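Visitor: Numbering (the working numbering), first residue to last: 1 to 630. Just so it is clear, CB atoms sit at the ideal spot from N, CA and C, and this is done for glycine as well. It should be emphasised that the depicted structure is a prediction, and the values quoted were computed from it without experimental measurement.
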């Protein structure tokens, strides 16, 4: 009686949740094992054995064929998924996991009386190696299980071959593909064994970043869970269907409602033993390529004309003019208010020019101390000044040679240095600080300013001859308030981009009232101010809608609606502007409270507030920056 009970309770059972967790962990092995056994079983006239997948703990996590009738005929209920084989005495599975080698046990070799009815042929598998698995911690194992009457030595060789093929496949994904991680590209490995089912067998975070997708689990999931199925992405799916190899191929990939322009290279692979056929995608963007060139060659241009968002006709004319300028080597002066995108335009011009593979070096002339700007621009020799590097240092012009140098806020350059810059522009030669030899430089100069350069020339604060040398071609960028039609598209673009960047699932939408409010604002900070506003709102507020209140609470000089003086009565007629207050002799004497009060009185309209204070909008904007409002 005791012997019968012992036989009936041969195996301890693992908890179902634990079995499911192990099955999920071994999903990569299981997918290819299922294909392999399907191929093998199809050749059999009669089913004489089963194949089991075991965890490293000896748990039977899956058993093929998944046919209850066949399994009942083979084992009569003795062997079931969830059984733990480690604690039932000597057998091929427990011994193989213990010594980390392939192992077999037939009939009487099995310690437990029930298992004496079966022949067990086991092979171990691990995550990292295929030649000496006993040197590594086991990941899992596979076994051929059959009644002892069907014992056959060939089964041992067969299971070793199956394990070898499975490890080759998994190692290919986990080792060979990882080699390409060094490229810094987005990686997607697609298995396309069946025409109606493709699965993701490898991907990395860079891929999700490129496609603007939050972090999600895609391991061995259908590719359609990431990339929109047909009829979208027809070119992408055709590459998979034909296992086509391409190199730096421009491809638009649509994920949800977003479309990303990628540069794609592919490799095709085929492993007939487990019917594994698929494609490896290496994805990047033109901006990423530009950034890589920038990093290797001191090049900082990552923007292109495609990054300039807007449908305004005047803006399109400006872009077309800039594209024509990019085809020349003439110097360019970009004029425009702060925040209009002068730096983006400069980068776009560089990346559209024949110098795009050469360095792009940017220097903000207003951000470098006056006593350092000369050495920053022209470099210095060893010992030129206290603290100088012992081998000297190249300046920005030398670093940019062959490419483009972008001099932002050129109006802030000291007058004495303007004469030296003029000589470099005219002669295309420079002399390092403390040096005695001329160095040839070949650079395209793009300068930019947000100040009234003509006024500075009249006041002798900027050299007219330098201005004419730098402004062979001129580009005037429009302020955002003159591009009303672009305010809403830009806002929605920033909302999507910021949401994807921070992994926010729900994309907020502007209400009609919010759109009207955005269109009514002055936008002295232009596109930069709009972007900062959207970034603040997307991260601070819950829900799906952006309400007018959110906008008002995060704009300069906000007052409660019940306190705000209405500048536009219900009849739609403009109220007369309040009489300007007596102003101090110098704008610098304006206080924070006076500016807040003016904005309060003028209903947060900055143009009217500037008039009320008797100062220009530019001066008001500088004061707003000074007091930390923006």
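Please name the residue, chosen from 465, 113, 141, that lies closest to residue 57 on a Cα-to-Cα basis.
Guide: Along the chain shown, one-based indexing puts residue 57 at 57. Comparing Cα positions, the closest option is 141.
Visitor: To the nearest angstrom, report how far apart residue 416 and residue 462 are at their CA atoms.
Guide: Your numbering for residue 416 matches position 416 in the chain shown. Your numbering for residue 462 matches position 462 in the chain shown. The straight-line gap from Cα to Cα measures roughly 10 Å.
Visitor: Using 8 Å as the threshold, is the stretch 343 to 357 in touch with the stretch 484 to 495, meaning 3 or more CB pairs across them?
Guide: Touching, no, given that fewer than three Cβ pairs across the two stretches are closer than 8 Å.
Visitor: When you compare the CB positions of residue 469 and residue 412, do they come within less than 8 Å of one another, or not?
Guide: Residue mapping note: residue 469 aligns to position 469 of the chain shown, counting from 1. Residue mapping note: residue 412 aligns to position 412 of the chain shown, counting from 1. No, these two residues do not count as a Cβ contact at 8 Å.
Visitor: Do you know offhand how far residue 110's Cα is from residue 74's?
Guide: Taking the first residue of the chain shown as 1, we reach residue 110 at position 110. Taking the first residue of the chain shown as 1, we reach residue 74 at position 74. Going from the Cα of residue 110 to the Cα of residue 74 covers about 17 Å.
Visitor: Start and end of the beta strand (DSSP E) containing residue 106?
Guide: The residue you call residue 106 lines up with position 106 of the chain shown. Taken as a continuous stretch (DSSP letters only), the beta strand (DSSP E) holding residue 106 covers 103 to 106.
Visitor: With a CB to CB cut of under 6 Å and the five nearest residues on each side skipped, what residues in its chain are close to residue 303?
Guide: Counting from 1 along the chain shown, the entry for residue 303 is found at position 303. For residue 303, where only same-chain residues beyond five positions count, the Cβ hits under 6 Å are 344, 347, 348.
Visitor: Considering only residues of the same chain and omitting the five flanking positions on each side of residue 247, which have a CB-CB separation below 6 Å?
Guide: Stepping through the chain shown from its first residue, residue 247 is reached at position 247. Result list for residue 247: 265, in chain order.
Visitor: Name, in chain order, the residues that DSSP records as bridge partners for residue 191.
Guide: Numbered from its first residue, the chain shown carries residue 191 at position 191. Beta-bridge pairing links residue 191 to 199, 278.
Visitor: With a threshold of 8 Å, are at least 3 pairs of Cβ atoms found where one atom belongs to the stretch 103 to 122 and the other to the stretch 151 to 160?
Guide: Result yes; three or more Cβ-Cβ pairs closer than 8 Å.
Visitor: Would you kindly work out how many angstroms separate the C-alpha atoms of residue 584 and residue 372, rounded to a whole number?
Guide: Mapped onto the chain shown, residue 584 falls at position 584. Mapped onto the chain shown, residue 372 falls at position 372. Unreliable placement is indicated for residue 584, whose pLDDT of 45 sits below 50; the coordinate value is still reported in the next sentence. Residue 584 and residue 372: Cα-Cα distance of roughly 36 Å.
Visitor: Alpha carbon to alpha carbon, how far is residue 365 from residue 456?
Guide: On the chain shown, residue 365 is found 365 positions in, with the first residue counted as 1. On the chain shown, residue 456 is found 456 positions in, with the first residue counted as 1. About 16 Å.
Visitor: Return the first residue and the last residue of the beta strand (DSSP E) that residue 254 is part of.
Guide: As a first step, residue 254 must be located in the chain shown, where it is residue number 254. Residues 249 to 255.
Visitor: Using the three-state DSSP reduction, which class does residue 308 fall into: helix, strand or coil?
Guide: Taking the chain shown and counting its residues from 1, one reaches residue 308 at position 308. Three-state result, residue 308: coil.
Visitor: Quick one: what's residue 155 bridged to in DSSP?
Guide: The count along the chain shown starts at 1 and reaches residue 155 at position 155. Partner(s): none; residue 155 has no beta bridge.
Visitor: Roughly how far, in whole angstroms, is the beta-carbon of residue 493 from the beta-carbon of residue 432, given that I think they are within contact range, below 8 Å?
Guide: By 1-based counting over the chain shown, the position of residue 493 is 493. By 1-based counting over the chain shown, the position of residue 432 is 432. So it is not a contact: roughly 44 Å between Cβ atoms.
Visitor: Could you check if residue 386 is buried or exposed, using at least 16 other CB atoms within 10 Å of its CB as the buried criterion?
Guide: Numbered from 1 along the chain shown, position 386 holds the residue referred to as residue 386. So residue 386 ends up on the exposed side.
Visitor: Kindly indicate which residue of 108, 106, 107, 86 has the alpha-carbon position closest to the one of residue 99.
Guide: The residue labelled residue 99 in the question sits at position 99 within the chain shown. Of the candidates 108, 106, 107, 86, the one whose C-alpha sits nearest the C-alpha of residue 99 is 86.
Visitor: Cβ atoms of residue 450 and residue 337: under 8 Å apart, would you say?
Guide: As a working note, residue 337 is residue 337 in the chain shown. As a working note, residue 450 is residue 450 in the chain shown. In contact: residue 337 and residue 450 (Cβ atoms closer than 8 Å).
Visitor: With a threshold of 7 Å on Cβ separation, who are the neighbours of residue 631 within its own chain once the five nearest residues in sequence on each side are excluded?
Guide: Only positions 1 to 630 of the chain appear in this structure, which leaves residue 631 out of reach.
Visitor: For the putative contact between residue 480 and residue 621, defined by C-beta atoms under 8 Å, what is the C-beta separation to the nearest angstrom?
Guide: Here residue 480 corresponds to residue number 480 of the chain shown, with the count starting at 1. Here residue 621 corresponds to residue number 621 of the chain shown, with the count starting at 1. That belief does not hold up - the Cβ atoms of residue 480 and residue 621 are roughly 13 Å apart, past 8 Å.
Visitor: If you run the structure through DSSP and keep just helix, strand and coil, what is residue 12?
Guide: Locating residue 12 in the chain shown gives position 12, counting from the first residue. It is a strand residue.
Visitor: Helix or strand or just coil, what does DSSP make of residue 261?
Guide: Locating residue 261 in the chain shown gives position 261, counting from the first residue. It is a strand residue.
Visitor: Are residue 145 and residue 84 close, meaning C-beta to C-beta below 8 Å?
Guide: In the chain shown, the residue the question calls residue 145 occupies position 145. In the chain shown, the residue the question calls residue 84 occupies position 84. No, the pair does not count as a contact, with Cβ atoms beyond the cut-off.
Visitor: Once you ignore the five residues that flank residue 644 on each side, which residues in its own chain have a CB closer than 7 Å to its CB?
Guide: Here the chain has residues from 1 to 630 only, and residue 644 is not among them.
Visitor: With distances taken from CA atoms, which of 478, 59, 227 is nearest residue 11?
Guide: In the chain shown, the residue the question calls residue 11 occupies position 11. That would be 59, whose Cα lies nearest to the Cα of residue 11.
Visitor: Quick check on DSSP: helix, strand or coil for residue 78?
Guide: Taking the first residue of the chain shown as position 1, residue 78 is located at position 78. Residue 78: coil per DSSP, three-state reduction.
Visitor: In its own chain, which residues sit with a C-beta less than 8 Å from the C-beta of residue 187, not counting the 5 before and 5 after it?
Guide: Here residue 187 refers to the residue found at position 187 when the chain shown is read from its first residue. The answer, listed in chain order, is 177, 180, 181, 202, 203, 204, 206, 207, 280, 281, 282, 283.
Visitor: Could you have a look at residue 472 and say whether DSSP puts it in helix, strand or coil?
Guide: Within the chain shown, numbered from 1, the residue matching residue 472 stands at position 472. Of the three classes helix, strand and coil, the one that applies to residue 472 here is coil, per DSSP.
Visitor: Going by alpha carbons, who is nearest to residue 225 out of 209, 238, 198, 619?
Guide: Walking along the chain shown from the start, residue 225 turns up at place 225. Of the listed residues, the one whose Cα sits closest to residue 225 is 198.
Visitor: Along the chain, where does the beta strand (DSSP E) that runs through residue 93 open and close?
Guide: The residue labelled residue 93 in the question sits at position 93 within the chain shown. Per DSSP, residue 93 belongs to no beta strand (DSSP E); it is in the alpha helix (DSSP H), 92 to 99.
Visitor: Considering only the alpha carbon of each residue, which of 90, 114, 97 lies closest to residue 105?
Guide: The residue given as residue 105 occupies position 105 in the chain shown. It is 90 whose Cα lies nearest to the Cα of residue 105.
Visitor: Count the other CB atoms within 10 Å of the CB of residue 632; is the residue buried (16 or more) or exposed (fewer)?
Guide: Any question about residue 632 goes unanswered here, given that the chain covers just 1 to 630.
Visitor: Tell me whether residue 40 sits in a helix, a strand or coil according to DSSP, three-state version.
Guide: Translated into positions along the chain shown, residue 40 becomes position 40. Correct three-state label for residue 40: helix.
Visitor: Can you find the residues in the same chain that come closer than 7 Å, C-beta to C-beta, to residue 233, ignoring five residues on each side of it along the sequence?
Guide: To locate residue 233, count along the chain shown from 1; it is residue 233. So the list reads 227, 253, 254, once near-sequence residues are dropped.
Visitor: In three-state DSSP terms, what is residue 402?
Guide: Along the chain shown, one-based indexing puts residue 402 at 402. Residue state, collapsed to three classes: coil.
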